[in-house]
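So the sequence shown is numbered by my numbering: it starts at 13 and just counts up by one.
Cβ coordinates follow ideal geometry from the N, Cα and C atoms, glycine included.
See structure below.
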Amino acid sequence: MPKFSTIIVWAILIPGVAGLLVGDYYTNKTFFTAYKTIIELYIFGFTSFIVLKRVFFYRLKGNVDVIRLVKKSNFQISLIWQGLILTLIYLVYNLLYFGNLLHFNTIMIAILLLYYVVQLVLNSSPSIYIDENNFSYDDYFVEQWSWKKIDRIEVENQTLRLINSQKDFELDFDLVDEIDYIKLNEEVEHNILDGDFASEEASKSLIEIVQTYANLYNVRLVNSTNSII
């Protein structure tokens with residue numbers, strides 16, 4: 013998914029740069045309006061995706077164990093640069109079209125960029141969501157491993173590994189910050205921020221949670237001594 017966002021950004025940038033270098037497309041009202049709208053929609057859309065992703069995740073999943081990690085996302089810097097580059101070319105088009113930057117468009121893109129960067133910073137720490145169907149890793153984009161499709165789970169040298177025929181997952185227990193158990197019921201479903209939170213700072217709890225679902229779905233779990241649990 014990060015590669016997908018990069019492809020989209022390049023798809024927006026290439027015609028924009030071409031419009032500056034070839035001809036005078038920046039003076040064409042239709043092209044200018046369409047291009048600036050695309051940039052606005054992308055920045056606003058990506059920001060909305062970050063915000064709403066967790067809201068819908070909580071609402072749809074119901075009972076979720078949330079493991080927060082202490083590391084920062086590997087994609088944060090590149091995503092911030094993508095927003096800055098799109099904003100820069102947006103401002104260049106505004107400068108060439110209007111002759112100055114004293115325009116409502118400048119205020120608009122500045123607000124969108126600020127909101128975009130703030131959300132990237134606030135959501136910069138990856139999280140793991142565990143429910144009755146999936147083991148999910150959220151690093152701006154969500155990857156999921158269905159319990160039914162996991163071949164085996166390995167716990168060895170302070171590392172948790174999910175082995176799957178399509179893709180594996182590895183977690184260093186030193187990265188675990190805290191574990192929140194979030195239970196949303198019908199009374200609080202209308203307010204997604206309400207819930208029952210209980211935090212524990214122990215990778216042992218994570219192993220217990222994983223083991224519970226492994227037993228439920230008959231997934232082989234191997235401990236550090238290679239014995240099957």
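Taking 8 angstroms as the cut-off, the beta carbon of Ile101 is found closer than this to the beta carbon of Leu25.
Counting the other CB atoms within 10 Å of its CB gives Lys179 a total below 16, which places it among the exposed residues.
Annotation: the segment 119-159 contains the following complete segments of the beta strand (DSSP E) (minimum length 3 residues), in chain order: 139-142, 146-151 and 153-158. In the DSSP assignment, Asn176 falls within the unbroken beta strand (DSSP E) covering Thr171 to Asn176. In the displayed model, Val234 falls within a strand according to three-state DSSP. For Val63, the three-state secondary structure derived from DSSP is helix. Within the segment 73-101, the complete beta strand (DSSP E) segments at least 3 residues long are 75-81, listed from N- to C-terminus. The three-state secondary structure of Val29, taken from DSSP, is helix.
Per DSSP, reduced to three states, the secondary structure at Leu183 is strand.
Straight across, the Cα-Cα distance linking Leu107 with Phe43 is about 15 angstroms.
Trp157 counts as buried, since at least 16 other C-beta atoms from the protein chains shown sit within 10 angstroms of its C-beta.
Contact annotation: the segment 155-169 does not touch the segment 121-132, with fewer than three C-beta pairs closer than 8 angstroms. A straight line joining the alpha-carbon of Arg80 with that of Asn169 spans about 20 angstroms. With at least 16 other beta carbons inside 10 angstroms of its own, Gly31 counts as buried. A distance below 7 angstroms between beta-carbons, with the five flanking residues on each side excluded, links Ala226 to the following residues of its chain, in chain order: Ile165 and Leu233. Check the Cα spacing between Asp184 and each of Leu124, Phe56, Phe87 and Pro138: the tightest is with Pro138. For Thr171, the closest C-alpha among the options Asn235, Asn117 and Leu134 is that of Asn235. Counted as a single uninterrupted DSSP element, the beta strand (DSSP E) harbouring Val167 occupies residues Ile162 to Glu168.
Rounded to the nearest angstrom, the gap between the Cα atoms of Ile92 and Ile140 is 23 angstroms. Annotation: Leu124 to Val133 spans about 14 angstroms, alpha carbon to alpha carbon.
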